[in-house]
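Encoded as structure tokens, the structure appears first; notes follow it.
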Amino acid sequence: MTTVAIGILAMACLVAVARGGNFFQDSEMTWGDGRGKVVDGGRGLDLTLDKTSGSGFQSKTEYLFGKIDMQIKLVPGNSAGTVTTFYVSIFSSGTFSVGRGSSVVAISVCM
């Protein structure tokens, strides 16, 4: 009986992990006046930058960890001098246990 219960619990955990996020349900556009949009049935998010401004979004829930991949389209030809910026805002108390802790953000840039 215990083996069956453990098996069912393991299956439930696998199903929970296998569920991918959905930007329609899990996030909201915070600014951009229409320059940000959810694509690919909620599996992707396009944030556009034009001559006026950019766009932004935020998650509706808190996460322990996450990963963000980004692709940037440059102008054809010589795009020397192109400057890009990536902003991340972290809202956290920094308290993990017994009043001690800190927030750590690691950003790696690969070209």
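Using mature numbering (1 follows the signal peptide of the UniProt record, and there is no 0), the letters of the sequence shown map in sequence onto residues -20 to -1, 1 to 91. Cβ coordinates follow ideal geometry from the N, Cα and C atoms, glycine included.
Environment of residue i [buried if 16+ CB atoms lie within 10 Å]
i, result
"G16", "buried"
Residue i - DSSP class collapsed to helix/strand/coil
i, result
"F37", "strand"
"I30", "Residue identity differs from the one stated: residue 30 is Asp in this sequence, not Ile. Of the three classes helix, strand and coil, the one that applies to D30 here is coil, per DSSP."
Whole-angstrom distance between residue j and residue i, CA atom to CA atom
i, j, result
"D30", "G36", "13 Å"
"L25", "F4", "9 Å"
"T10", "P56", "30 Å"
"L54", "T28", "12 Å"
"I52", "S59", "12 Å"
"S33", "V68", "17 Å"
"G22", "T65", "24 Å"
"V19", "D13", "17 Å"
"T62", "D49", "19 Å"
C-beta contact flag for residue i and residue j at 8 Å
i, j, result
"K47", "D6", "no"
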